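Chains as they are written, first to last, in the working numbering: chain A, 11 to 494; chain B, 4 to 224.
All C-beta atoms, glycine included, are put in the ideal place defined by N, C-alpha and C.
Source: prediction; values computed, not measured.
Written out below as structure tokens is the structure these notes cover.
Have a look at this one:
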């Protein structure tokens with residue numbers, strides 16, 4: 011029978027079919043663990059006297075709570091220090107591989123899995139973090155789980171899962187210069203809403219998606235959860251294989267050939283049916299920014315803050331009123347006039363080497379707007395080392411930005427990297443919820459290119475707003491930017 | 004897990020849509036390593052506002068939260084469920100729940116009852132007109148009773164069965180340990196494993212350094 015990509019991966023992992031309304035029991039190929047959602051799960055194992063069933067399919071990193079400054083000193087905050095030490099203790103006790111602060115492979119779980127070559131097509135990947143959907147960019151079925159489920163996977167390497175529906179999101183055409191994969195996903199979320207993907211696995215397809223690099227695909231799959239979908243997937247292709255080949259945990263020799271042969275079957279059959287199909291035209295897209303307090307409250311940068319009286323749906327109108335008040339904006343105000351205090355470049359959405367390169371390309375030889383704070387936080391220590399090898403750190407420092415160590419940082423403000431009450435950010439991260447980046451903080455979600463232009467001008471800006479077309483500083487054509 | 008059949012308690016009207024898990028419990032409260040004691044963190048940013056519903060005496064002992072659509076969106080943090088439970092909530096009613104939140108609730112014995120928005124509007128009116136009104140949620144009949152209003156709610160059959168029986172998921176799965184082993188025997192050998200660890204460039208993995216020992220990035224201690 012014809013199947014979608016998601017159904018094929020699901021079917022290949024069924025340990026036991028559920029009967030009488032019981033869910034299927036699915037095998038989990040890769041379980042990523044971090045310090046915040048795992049302590050109570052390990053404690054549960056300890057109380058029940060259960061071991062970790064497959065430490066060899068489990069990997070821990072420290073990311074949410076780690077400082078991005080002074081990482082060679084004891085963590086100042088006692089509860090943070092305890093939480094990280096708890097993960098280290100649990101990893102040692104249960105035999106789980108861990109990449110701790112100071113290790114070259116420490117970083118955000120959703121960068122560490124791919125960079126080690128552990129994230130591969132056709133796998134089931136879970137982590138106690140909703141942005142696990144990132145790994146779907148490789149054609150894996152990857153989704154976030156809660157702590158009870160973390161314990162379940164540690165104990166059994168399986169999860170009972172209720173069936174999902176499938177949604178195809180086709181992005182045709184070619185992206186205009188200055189628009190990126192971040193703008194694609196923000197436009198998708200604005201279109202289908204923060205609940206539009208609930209109960210679905212999204213599959214992104216079409217010409218514009220095929221043209222994207224792995225990094226750019228990860229940005230899109232990463233934010234599937236912001237549309238309510240637990241997972242988002244992209245069928246693997248040559249771009250995927252090229253990214254994987256030669257990575258430490260990628261198959262080698264005959265294993266590589268066997269794997270690629272299997273991976274090529276991981277695509278939605280031509281006659282397969284999706285439950286829902288959504289189509290976007292890439293050429294219509296322009297840089298997108300959010301104005302409100304959920305990721306669906308976004309508009310093209312050329313737009314203005316909505317006027318609530320003009321919103322027909324009562325719930326949405328109230329939500330818009332509340333968001334505009336929280337964000338300290340005026341209905342009808344052009345988005346380009348919004349002045350920011352902080353620009354945050356980083357996170358599992360946009361903290362990868364390509365993101366840093368694209369920002370560096372725009373800011374090279376320039377200086378940031380005077381009263382703007384600019385934080386650049388690589389997604390992993392390996393990305394940081396790579397950026398330094400390419401001299402990007404110097405470009406950022408000359409620009410007046412802060413060059414930090416790897417971690418989740420200001421995306422969620424669990425560590426000291428937070429917004430002050432009322433402070434406004436342009437952020438390449440994934441959530442603009444009230445207080446997400448610090449109590450009272452105000453977040454506008456943007457692409458790395460918009461973040462770079464905003465850091466230069468001090469107001470929400472796109473690449474097109476920069477003087478005289480801004481020749482790409484290294485002489486390469488601007489059109490390069492559309493693939494970032 | 005405790006068995007859940009029926010619950011009666013004070014209803015709390017929360018007239019907000021898209022109540023994400025960062026609102027239910029901000030990230031700064033996630034540093035704790037315990038599973039209980041999160042009651043102070045529930046809706047922490049809103050609790051400072053005297054007008055907030057839980058700061059009104061009639062609602063402060065509430066145990067049935069009646070919220071707007073898309074409750075529990077965003078982060079997967081199960082702490083959101085723990086905070087609601089620790090505060091005393093047994094049931095959350097909404098027109099739509101985020102998938103992960105709904106799953107987490109089911110594992111922890113918090114009932115996520117999905118009701119029609121127009122029914123929720125009716126219940127809101129009663130709870131706001133007569134603060135302190137009790138709401139009864141019956142899992143066997145899948146009904147919500149508030150004053151003279153009786154409305155149905157949805158919950159998937161499997162979760163309902165597990166809640167009513169008070170069953171632990173891990174125990175249920177381990178009954179099928181043989182089938183898991185059989186599946187593992189069939190897995191392709193080229194599928195990745197995290198151990199033995201491989202690196203690029205090759206770096207030896209040692210136990211995590213104790214918090215506080217200086218280390219230079221990219222170099223082992």
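Beta-carbon contacts of residue 365/A that lie in its chain and below 6 Å, excluding the five residues immediately before and after: Around residue 365/A: 458.
CA nearest to the CA of residue 77/A, picked from 461/A, 465/A, 416/A: It is 416/A.
Residue 35/A (DSSP reduced to helix, strand or coil): If DSSP states are grouped into helix, strand and coil, residue 35/A belongs with the strands.
Start-end ranges of the beta strand (DSSP E) lying completely within the region 73-123 of chain A, minimum 3 residues: With a minimum length of 3 residues, the unbroken runs of beta strand (DSSP E) contained wholly in the region 73-123 of chain A fall at 107-109.
Per-residue DSSP class, three states only, for residue 241/A: It is a strand residue.
Beta strand (DSSP E) segment containing residue 210/A, residue limits: Its beta strand (DSSP E) spans residues 210-215.
Minimum Cβ-Cβ distance from residue 266/A to chain B less than 9 Å: Closer than 9 Å: yes.
Simplified DSSP assignment, three categories, for residue 177/A: Taken through DSSP and simplified to helix, strand or coil, residue 177/A comes out as strand.
Boundaries (first-last residue) of the alpha helix (DSSP H) holding residue 405/A: Its alpha helix (DSSP H) spans residues 402-409.
Other residues of its chain near residue 17/B: CB distance less than 8 Å, five sequence neighbours each side excluded: Same-chain partners within the cutoff: 56, 68, 69, 70, 71.
Sequence-distant residues of the same chain with beta carbon closer than 7 Å to residue 327/A, five excluded per side: Take residue 327/A, set aside five residues on each side of it, and the residues of its chain with a beta-carbon closer than 7 Å to its own are 318, 321, in chain order.
Inter-stretch contact (C-beta, 8 Å, three-pair minimum) for the region 423-433 of chain A and the region 251-261 of chain A: The region 423-433 of chain A, when compared against the region 251-261 of chain A, does not touch it at the 8 Å Cβ threshold.
Where the beta strand (DSSP E) through residue 67/B begins and ends: 67-70 is the span of the beta strand (DSSP E), which, as asked, contains residue 67/B.
Start-end ranges of the alpha helix (DSSP H) lying completely within the region 341-399 of chain A, minimum 4 residues: Residue ranges of uninterrupted alpha helix (DSSP H) with 4 or more members, entirely inside the region 341-399 of chain A and ordered along the chain, are 357-360, 363-373, 391-399.
Span of the alpha helix (DSSP H) around residue 186/B: It spans 180-189 - the alpha helix (DSSP H) in which residue 186/B sits, taken as one unbroken run.
Any chain A beta carbon closer than 9 Å to residue 90/B: No, residue 90/B does not count as interfacial toward chain A.
Where the alpha helix (DSSP H) containing residue 162/A begins and where it ends: For residue 162/A, the enclosing alpha helix (DSSP H) begins and ends at 157-166.
Closest by C-alpha distance to residue 41/A, when choosing among 122/A, 299/A, 436/A: Checked all of 122/A, 299/A, 436/A; the closest Cα to residue 41/A is 122/A.
Check whether residue 439/A and residue 452/A have beta carbons under 9 Å apart: Residue 439/A is not a Cβ neighbour of residue 452/A, given a cutoff of 9 Å.
Where residue 443/A meets chain B, residues with beta-carbon distance less than 8 Å: Residues of chain B whose Cβ lies closer than 8 Å to the Cβ of residue 443/A are, in chain order, 23, 25, 26, 77.
Beta-carbon contacts of residue 239/A that lie in its chain and below 6 Å, excluding the five residues immediately before and after: These residues qualify, in order along the chain: 207, 210, 212.
Pick from 450/A, 444/A, 443/A that is closest to residue 432/A, judged by C-alpha positions: The residue with the shortest Cα to Cα distance from residue 432/A is 450/A.
Under the three-state DSSP convention, the category residue 416/A falls into: Residue 416/A falls in the coil class under three-state DSSP.
DSSP bridge partner residues for residue 41/A (one or two, in chain order): Listed as beta-bridge partners of residue 41/A by DSSP are 68/A, 136/A.
Cutoff 7 Å; reference residue 129/B; Cβ partners in own chain excluding five residues on either side: Excluding sequence neighbours, residue 129/B sits near 136, 149, 150, 152.
Within 9 Å, strictly: CB atoms of residue 115/A and residue 391/A: Result yes, Cβ atoms of residue 115/A and residue 391/A sit closer than 9 Å.
Members of the region 39-60 of chain B near chain A, C-beta cut-off 8 Å: Hits within the stretch, in order: 48.
With 16 other Cβ atoms within 10 Å as the buried cut-off, status of residue 428/A: When all chains shown are included, residue 428/A counts as buried.
Buried or exposed (CB count within 10 angstroms, at least 16 for buried), residue 163/A: With 16 or more other Cβ atoms inside 10 Å of its own Cβ, residue 163/A counts as buried.
Any chain B beta carbon closer than 9 Å to residue 20/A: Residue-level contact by beta carbon fails for residue 20/A and chain B, as no gap is shorter than 9 Å.
C-beta neighbour in chain B for residue 170/A, strict 9 Å: With 9 Å as the cut-off, residue 170/A counts as an interface residue toward chain B.
The alpha helix (DSSP H) enclosing residue 108/B, as first and last residue numbers: Residues 102-111.
Where the beta strand (DSSP E) containing residue 458/A begins and where it ends: Residue 458/A -> not in any beta strand (DSSP E); alpha helix (DSSP H) instead, spanning 458-467.
Cβ of residue 18/B within 9 Å of any chain A Cβ: Yes - at least one Cβ of chain A is within 9 Å of the one on residue 18/B.
Separation of residue 372/A from residue 380/A, as counted between CA atoms: One C-alpha to the other measures close to 17 Å.
Any 3 or more C-beta pairs closer than 8 Å across the region 292-306 of chain A and the region 192-201 of chain A: Verdict: yes, contact present.
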